[in-house]
Structure formats: structure tokens, C-alpha cells
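Trainee: Residue numbers (the working numbering), protein chains in the order written: chain G, 1 to 408; chain Y, 1 to 289.
Just so it is clear, CB atoms sit at the ideal spot from N, CA and C, and this is done for glycine as well.
None of the values given here were measured: they were computed from a predicted structure.
Take this structure first; my questions come after.
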């Protein structure tokens, strides 16, 4: 424990580590949450459609939206959509798309477009045209229409070869567990939260790589091996201690960044709306989850990805003597699959999604199913478990790899 | 306690670094002498079990050290020839870190670190970062880390390099005092260091022990082969090319040469009492040494 504490302290006191943590905090929390919510994300529109011309008043704008959309009731019914469209049509100045997108008008529009295509005027060319002229008396049967559209979409996906009949049935079974009518409050904030968290996880990757890529390769530069190897605990225990302190750092780094992001989220959005279904983020999502469950999944996805990636980096660091090469290879695992996505065969592209912090954390909004020995597994289960498994498998090899080279 | 080296050999490809050396070491100070590339560091690394021998073995009280693992490392202290520090650590922090690696309990480690810092005259810089230290100070930190666990076997590779004369004398005294019932092996090419403190001297050349014995024994081997010759300054160069000159001292218009030679080099040469330096030069020659 003493050795772990000292090794852990040694890691944290490196200047590069502190710089990385500060930079990441500024980028992900100060810019990515505080300033984003306050200014381009939710600041009220000034006189242009450029979000960077917004006013610095997101906190109050969010409260206005929460208040404004509470008038449509606390459950989503045909009447909710009718009232929303009617309200929209009563405004004179609703040709301000920036402002519309922050409210739930875009949500209402997308539902009209997807579920009531017969109401659309092909000649219309205004932004969100349906909202302007849709006949509210014809907006009915929301859940039935959604079910039809879902079945149609799943069948089309099956016919395209992306799903089997069993997969389709599995997804429909999941969908049947969604409680209706859906709880409703202003959704835009929660949509932003659950879509932002997984991508924020990927932004941690370069910083994590810079810190951990030198875990073992750095020891070659410091030339401490002969000294360390003759101590009682020797290289093997030290290697494990290094691995554990690397993992501890990854966990603390994650907690610092994401803990702060959650606190900022609570300050800006509060907790209301946590029990709304994720179908507000994707109408045809089949997971019977609410926003809080989705956020917890996002947080777990990032956490397990961070730990998995830490394991991968440390393995690379143990196998590569050169610090720069160790860093480059670590970063390549994150960025190369994206860069080469267009050139990779489908199976390899799909497989690369299961690398830590590479895959799409919001896959629970989609229908991807992975097949292992003929059994269909919904992709979020794979996305959350495979990265950590990769990371854990890497750890003993990192210890072994380092020791093997030390004995050479 | 007995550390026995039995036909220890190390090959690097075709190069033979250590060639079938054997010795039995009991408590005392052993000086390992040899020119650069003689195989001293390779031998020491095998004695520390960081390097696997190509053949042969090292046993401590009959047990092979590789098999003893951490039990061997627990009684071992090692100062490598070139070793790195964590530059952002202070001397005290670095020693505490190594103490933890050596499995020394925290309470005891604190006292021991303080004691060693004082012993090696580092107490006043205990909280300064090692990167600000001079070469000699870093070397003393290295020596302190080797002594942390009060090792029964202390192996020091070139411990006096970088130390000023005062520090060298301090270290020699410290090692003499420390040795007692422990085995201390120090490698160096500074003969005077070995002469001052070594109970036994092992001289290495081309991976082999070419001489073993006490300082008087080894010096005694060249008795009758060490001469002092006073010649005019103009002849100094001639003698340096003709014979092995161990020392060269001006005396008025003349120079006094200390010559290592099997036979009397000149009629006016007078025999003198040999020292370890002479024995070393006799075997290696002035240029090689």
C-alpha cells in the first residue's frame, strides 16, 4: 500500500500529468459544459443564426424553456403534440431557427415529419414547414404510428441483412417494455447531456495517452531499471504497482472530469425530466430506458472505456522502449479506425468499434446487434463490456512484457 | 555467510564478457579491479541477479541466488554504475520510495532515511530536488539507497566516481566501518580506493580473475620489480617509451621515475617497496591501465 501510494504520488506530481489534467478540465468542463451551456449551446439568440453570437445567458434561457414547455403537460399524448403545434402556429416570429432548436419545437417537427408525412406540403420550403401549417386535428394516433414505423424500419433493416428475424423480435420485445404514455418535460437539455457524454469520453483519450504512454517506456529513459530490480519487491511487484497506479489515475481523471460535468449539468438543468424516455432523443429507439438510465450507461461506457484504454496504453508502453512511439501507437488505436473507416472491410470496421473509447456510446438509440456463436447480443452490452475486457487482458501482458525486456 | 561464485560465465553473442570465474567471498571488503571492459560490471550484475549467466552459478550459503528471489534481494544493496533518478523527487522522497520498494516498514524507513542522509552529509539538501544536485551529491544519494536495508551483501559499482577527495575518504571510512560481518564488493579502476579499504582484491582482465589476494600479497608479487631511477629531464621520454613508468616526479633539473620492470632497468636504479598500483601496472601495463 505504501509503495502504491508513493508510485501514485509520483505519477501525479509529473508536470506533464498536471498540464494534461488542467487542459482537459478546461476543455471538457469549462468550455465543454459551463461555457457551452451558458453561451453557444443554450444562450438566447441575439440577431443572427450563428450560435457564437448568442447571449451569455444560458442558465436563464434553460429555466425559461423548462417553464415554457411545462405548459404542455407532464405526459406525451396526441394532445401534447397538438397543443405544441398550435402554440407554435400562434407565434409571429417563429422563423428564428436557432431559438426553435433549443426549445422542443424541433422535437415536435421531427415527430410530425416522421409520423405524419401525409400532412406535409411538398411545395413548402420554410424551415420546419410542417409546424407552420399542419392541421392539428389530424395529429392523432402517435403511439400506434410510432409502432408501425418502428416495425417497418426494423423489417427494412432485416431485409438489408443487418438484422435476423430473431434480432428484430428481440428489439421489438424491448420496445414493448417502454411505458406509455411517455413522461414529458422540456427534453432538449437531457438530449444534449446524453449525446455529449460519450463523445466527451473520447476527448479524454489523448490526455490519457500522454500521461500513461510513458508508464514503462519512460523507465528506459530514467535508467532506473538496474536499481529497481535489485530491491526486495523487484520489477514484478513494481510493474503491478505501476499498472494499478495507472488505473487509479485513469479512474481519478475520469472522476474529476465527469464528476465536474455532472455537477455543472445539475446546476444548469437540475434533475427534472430524469424519468423521461430516451425516445425523445431518437423516436424509434427501442431501449426501455429513461434519461437517467441512459446517462448512467454513458458514464459507465466512458468509465469502462477509460480503464480499458489505460490497460491498452500500458501494454504498449511495456512493449515499446521509445516514449514517442509508445504515444503514437496508443493514439493510433483511437484515431486510426476513424481515419481508415472508409477503407476497412465491414467486419473490421465493426470490430474496431469495440476498442476502448472508439465505439459509439449512444448505440442504445440504434439497432446494432452483434452475433457471437449465432446468438444476437444488443450492441450496447458489447460496447460496455468489450473495452474493459480488452484492458484487463492487457494488464498481465504489460507486466510480463516489461519484465521480459528488463531481463534481456 | 558465504557467497560462492562458481564458474560464472556470460557471453554476448560471440563476445565473452565474463569467462568462467570462481571465487568464494566471506565477510569483508572486496575490491574488484580492472580496466574498462574487463567484465567488472557484467560480473556485478550477475552477482545482483539482474543478469542471467550463460553458465555457472552464484550461491549464498549454498542456495542459488536466482532461486532465492526476493529473499536474496532482501539482503542485497546495489549501487549501479550509471543509474537514473526521478528528477522531480527530493533526496528524502527518493530514498523513501526505494525504501518502500525494499519493503522497509514506513516507520523504520523514515528513521533510516534520516540517518543515512546525515551519514552521507546530505541532510541539508534532503528536501531539494535531485535534479539540482551535483554529480557527487547524486552519487551519495545512490550510496544511501544501497545502504537503506542494511544489506548483508553490498555491491557498489564505481562508488567513488564523481566524488571529490574529501568525499572519497568519507566513503572509504564509511564502508570500512560498515563491512564488519558483511560482504562488501566494490568495483573501481581507482587503485588507491581499493588499497585503502579492501581486505581482498580481485583483479579482472578480459573477463577473468587474473589475481586474487590481499593488498600486501598482491603488492608483494612485484617485490623486486619496482625501481626508482633519477635521470636528466631530457631522458624522461626515452624511459617512458622503453619501460612501464608508474610515476614521474620532478626534482630540480632531473626527474625521478618509478619503473616497473622484471630486471634492473639501469645501473643507478634502486629497488623500492611495491604498492598495489605497481602490481596492477605490472599486469596491465601503463597504457592499458
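#1: From the DSSP secondary-structure annotation, give me the bridge partner or partners of residue 227 of chain Y.
#2: Compare the C-beta of residue 8 of chain G against all C-beta atoms of chain Y and say whether one is closer than 9 Å.
#3: Which residues in chain Y have a C-beta closer than 8 Å to the C-beta of residue 13 of chain G? List them in chain order.
#4: Quick check: the Cα distance between residue 206 of chain Y and residue 121 of chain Y, rounded to an integer number of angstroms?
#5: For the region 214-239 of chain G, list every residue whose C-beta sits within 7 Å of some C-beta in chain Y, in sequence order.
#6: Could you work out which residues of chain G lie near residue 98 of chain Y, taking near to mean beta carbons separated by less than 9 Å?
#7: Which of the three DSSP states is assigned to residue 349 of chain G in this structure?
#8: Quick one: any contact between the region 176-195 of chain Y and the region 26-39 of chain Y, if contact means 3 or more CB pairs under 8 Å?
#9: Opposite residue 3 of chain Y in the DSSP bridges: which residues?
#10: Measure the alpha-carbon distance for residue 343 of chain G versus residue 357 of chain G and round it to whole angstroms.
#11: Verify whether the separation of the beta carbon atoms of residue 186 of chain Y and residue 3 of chain Y is less than 9 Å.
#12: Considering Cα atoms alone, identify which of G:171, G:248, G:63 and G:402 is closest to residue 309 of chain G.
#13: Using the beta-carbon count (16 or more within 10 Å), is residue 272 of chain Y buried or exposed?
#14: Taking just the CA atoms, how far does residue 168 of chain G sit from residue 290 of chain G?
#15: First and last residue of the alpha helix (DSSP H) that includes residue 371 of chain G?
#16: Figure out for me which residue from G:165, G:108, G:164 and G:123 has the closest Cα to the Cα of residue 142 of chain G.
#17: Taking Cβ-Cβ distances shorter than 7 Å, what residues in chain G pair up with residue 80 of chain Y?
#18: Can you check which of these residues, G:305, G:232, G:293 and G:397, is closest to residue 150 of chain Y by C-alpha distance?
#19: Could one say the Cβ of residue 2 of chain G lies closer than 9 Å to chain Y's Cβ atoms, at least one of them?
#20: Can you name the start and end residues of the alpha helix (DSSP H) that residue 330 of chain G belongs to?
#21: So, helix, strand or coil for residue 98 of chain G, using DSSP?
#22: For the region 59-72 of chain Y, which residues have a CB atom closer than 7 Å to at least one CB atom of chain G, in sequence order?
#23: Reducing DSSP to helix, strand and coil, say where residue 180 of chain G ends up.
#24: Starting from the N-terminal side, write out each stretch of the alpha helix (DSSP H) that is 4 residues or longer and does not extend beyond the region 170-217 of chain G.
#25: If I measure Cβ to Cβ from residue 24 of chain Y and keep anything under 8 Å in the same chain, skipping five residues before and after, which residues do I get?
#26: Just tell me which of G:279, G:361 and G:273 has its CA closest to the CA of residue 383 of chain G.
#27: Would you report the Cα separation of residue 152 of chain Y and residue 231 of chain Y, rounded to the nearest angstrom?
#28: What separation, rounded to the nearest whole angstrom, lies between the Cα atoms of residue 132 of chain Y and residue 325 of chain G?
#29: Which class does residue 278 of chain Y belong to by DSSP, given the choice of helix, strand or coil?
#30: Does any residue of chain G bring its CB to less than 9 Å from the CB of residue 36 of chain Y?
#31: Report yes or no: do three or more beta-carbon pairs, one from the region 216-235 of chain G and one from the region 43-59 of chain Y, lie closer than 8 Å?
#32: Whose CA, out of Y:157, Y:197, Y:102 and Y:92, lies closest to the CA of residue 126 of chain Y?
#33: Opposite residue 118 of chain G in the DSSP bridges: which residues?
#34: Using beta carbons (cut-off 9 Å, strictly below), is residue 127 of chain Y in contact with chain G?
#35: May I ask you to verify whether the region 71-85 of chain Y touches the region 141-150 of chain Y, counting CB pairs closer than 8 Å and requiring at least 3?
#36: Which residues in chain C sit within 8 Å of residue 76 of chain Y, going by Cβ to Cβ distance?
Mentor: So, from the data block:
#1: As a working mapping, residue 227 of chain Y is identified with position 227 in the second chain. DSSP, once it has assigned bridges, lists Y:259 and Y:271 as partnering residue 227 of chain Y.
#2: The residue given as residue 8 of chain G occupies position 8 in the first chain. Judged by the 9 Å Cβ criterion, residue 8 of chain G is not in contact with chain Y.
#3: Here residue 13 of chain G refers to the residue found at position 13 when the first chain is read from its first residue. Residues of chain Y passing the Cβ test: 88.
#4: Working through the second chain from its first residue, we reach residue 206 of chain Y at position 206. Working through the second chain from its first residue, we reach residue 121 of chain Y at position 121. Those two C-alpha atoms are separated by around 37 Å.
#5: 222, 223, 224, 226, 227, 228, 229, 230, 231, 232, 233, 234 and 238
#6: Locating residue 98 of chain Y in the second chain gives position 98, where the first residue counts as 1. Neighbours of residue 98 of chain Y on chain G, chain order: 227, 228 and 231.
#7: Taking the first chain and counting its residues from 1, one reaches residue 349 of chain G at position 349. Residue 349 of chain G: helix per DSSP, three-state reduction.
#8: yes
#9: As a working mapping, residue 3 of chain Y is identified with position 3 in the second chain. Residue pairing by DSSP puts residue 3 of chain Y in a beta bridge opposite Y:25 and Y:60.
#10: Reading the first chain from its first residue, position 343 is the one you call residue 343 of chain G. Reading the first chain from its first residue, position 357 is the one you call residue 357 of chain G. Put simply, the backbone Cα of residue 343 of chain G is about 20 Å away from that of residue 357 of chain G.
#11: Your numbering for residue 186 of chain Y matches position 186 in the second chain. Your numbering for residue 3 of chain Y matches position 3 in the second chain. No, the Cβ-Cβ distance between residue 186 of chain Y and residue 3 of chain Y is not below 9 Å.
#12: Residue mapping note: residue 309 of chain G aligns to position 309 of the first chain, counting from 1. Nearest of G:171, G:248, G:63 and G:402 to residue 309 of chain G, Cα basis: G:248.
#13: For the purposes of this step, residue 272 of chain Y is taken as the residue at position 272 of the second chain. The Cβ neighbour count for residue 272 of chain Y, taken over all protein chains shown within 10 Å, is under 16; the residue is labelled exposed.
#14: In the first chain, the residue the question calls residue 290 of chain G occupies position 290. In the first chain, the residue the question calls residue 168 of chain G occupies position 168. Going from the Cα of residue 290 of chain G to the Cα of residue 168 of chain G covers about 22 Å.
#15: Within the first chain, numbered from 1, the residue matching residue 371 of chain G stands at position 371. Note, residue 371 of chain G: premise wrong, no alpha helix (DSSP H); beta strand (DSSP E) at 369-372.
#16: The sequence position of residue 142 of chain G within the first chain is 142, counting from 1. Of the listed residues, the one whose Cα sits closest to residue 142 of chain G is G:108.
#17: In the second chain, residue 80 of chain Y corresponds to position 80, counting from 1. Chain G residues near residue 80 of chain Y: 226 and 227.
#18: Taking the first residue of the second chain as position 1, residue 150 of chain Y is located at position 150. Of G:305, G:232, G:293 and G:397, the residue nearest in Cα terms is G:232.
#19: Walking along the first chain from the start, residue 2 of chain G turns up at place 2. Residue 2 of chain G counts as touching chain Y.
#20: Indexing the first chain from 1 puts residue 330 of chain G at position 330. 323-339 is the span of the alpha helix (DSSP H), which, as asked, contains residue 330 of chain G.
#21: Numbered from 1 along the first chain, position 98 holds the residue referred to as residue 98 of chain G. At residue 98 of chain G the pLDDT is 49, less than 50, meaning the model places this residue with poor confidence and gives no usable figure here.
#22: 70
#23: One-based indexing of the first chain puts residue 180 of chain G at position 180. Residue state, collapsed to three classes: coil.
#24: 188-212
#25: Position 24 of the second chain, counting from 1, holds the residue named residue 24 of chain Y. For residue 24 of chain Y, where only same-chain residues beyond five positions count, the Cβ hits under 8 Å are 2, 3, 4 and 5.
#26: As a position in the first chain, residue 383 of chain G is number 383, starting the count at 1. Per the Cα distances, G:361.
#27: Here residue 152 of chain Y is taken as the residue at index 152 of the second chain, counted from 1. Here residue 231 of chain Y is taken as the residue at index 231 of the second chain, counted from 1. For residue 152 of chain Y and residue 231 of chain Y, the distance between alpha carbons rounds to 51 Å.
#28: Numbered from 1 along the second chain, position 132 holds the residue referred to as residue 132 of chain Y. Numbered from 1 along the first chain, position 325 holds the residue referred to as residue 325 of chain G. If you take the alpha carbons of residue 132 of chain Y and residue 325 of chain G, they lie about 29 Å apart.
#29: Along the second chain, read from residue 1 onward, the residue named residue 278 of chain Y stands at position 278. Three-state DSSP puts residue 278 of chain Y in a helix.
#30: Residue mapping note: residue 36 of chain Y aligns to position 36 of the second chain, counting from 1. So, not an interface residue.
#31: Touching, per the Cβ criterion.
#32: Reading the second chain from its first residue, position 126 is the one you call residue 126 of chain Y. Checked all of Y:157, Y:197, Y:102 and Y:92; the closest Cα to residue 126 of chain Y is Y:92.
#33: On the first chain, residue 118 of chain G is found 118 positions in, with the first residue counted as 1. DSSP lists no partner for residue 118 of chain G.
#34: Mapped onto the second chain, residue 127 of chain Y falls at position 127. No, no contact with chain G.
#35: yes
#36: Included in the structure are the protein chains G and Y, with no chain C among them.
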